Structure formats: structure tokens, C-alpha cells
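Numbering (the numbering used here), first residue to last: 5 to 92.
A virtual CB, placed ideally from N, CA and C, is assigned to each residue, including glycine.
Quantities reported herein were computed from a predicted structural model and do not represent experimental measurements.
These notes are about the structure you will find just below.
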Amino acid sequence: MPNIRPSSDLRNSYNEISEFCHKYDEPVYITKNGVGDLAVMSIETYERLVGRFELYSLLEKGLHDIDKGAAKPANEVFSRIEGRLKNG
5 MPNIRPSSDL
15 RNSYNEISEF
25 CHKYDEPVYI
35 TKNGVGDLAV
45 MSIETYERLV
55 GRFELYSLLE
65 KGLHDIDKGA
75 AKPANEVFSR
85 IEGRLKNG
């Protein structure tokens with residue numbers, strides 16, 4: 005169940021909100037005049053979320069390259085890398 009707090013809690017209960025975000029790795033939803041306004045989360049949770057989006061984007065690009073025929077078999081790529089490492 006989402007943790008929903010009024011905007012006044014940012015000022016009055018900041019430490020409590022911060023502790024919750026770090027303990028549960030979940031955002032706290034902040035309302036303004038009873039309407040959703042912000043989502044607050046720890047830096048660690050934010051960075052993990054952004055990392056997932058970046059990974060999904062790279063995977064999507066890779067799948068698109070496969071569909072276009074612009075991808076090579078992994079064993080071929082690894083063989084080329086190994087050859088370069090041996091030849092320095």
C-alpha cells in the first residue's frame with residue numbers, strides 16, 4: 005500500500021519520511037491540497053530505478069539491432085576480442 009503524506013509533512017516530519025524511504029526502498033507520495041503532487045525516494049532507490057531504465061533502453065536497442073540484422077553472434081564477437089587481447 006502506498007505511503008501518502010500531505011506536503012506539510014515534508015517540513016514537519018522530514019526525518020520520518022527519510023527513514024521510511026531508506027528502510028523500505030519505496031517512494032512516499034506527497035499531496036498538495038489533497039491532490040498527488042510529488043514522489044519522494046532515497047537516492048539509492050532513484051539510482052537503481054534510473055539504472056533499470058538505462059538497461060531496458062540498451063536491451064531494446066539490442067533487440068532492434070537483431071531485427072535489422074545488425075547483430076553478430078556472441079561467439080564471433082568474443083573471438084575477435086580474444087584475438088585483439090592476444091595481439092595487444
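Distance, Cα to Cα, residue i vs residue j?
i, j, result
"ARG15", "GLY38", "16 angstroms"
"LYS27", "LEU62", "30 angstroms"
"ASP69", "ALA75", "6 angstroms"
"GLU80", "GLU51", "34 angstroms"
"GLY40", "SER83", "53 angstroms"
"THR49", "LEU59", "15 angstroms"
Taking the Cβ atom as the reference point for each residue, do residue i and residue j lie within a distance shorter than 8 angstroms?
i, j, result
"ILE47", "ARG9", "no"
"VAL54", "ILE21", "no"
Along the alpha helix (DSSP H) that carries residue i, what are the first and last residues, could you check?
i, result
"ASN91", "78 to 91"
Can you tell me where the beta strand (DSSP E) holding residue i begins and where it ends?
i, result
"ASN7", "7 to 10"
"GLY40", "39 to 44"
Bridge partners of residue i, per DSSP?
i, result
"ILE34", "ARG9 and LEU42"
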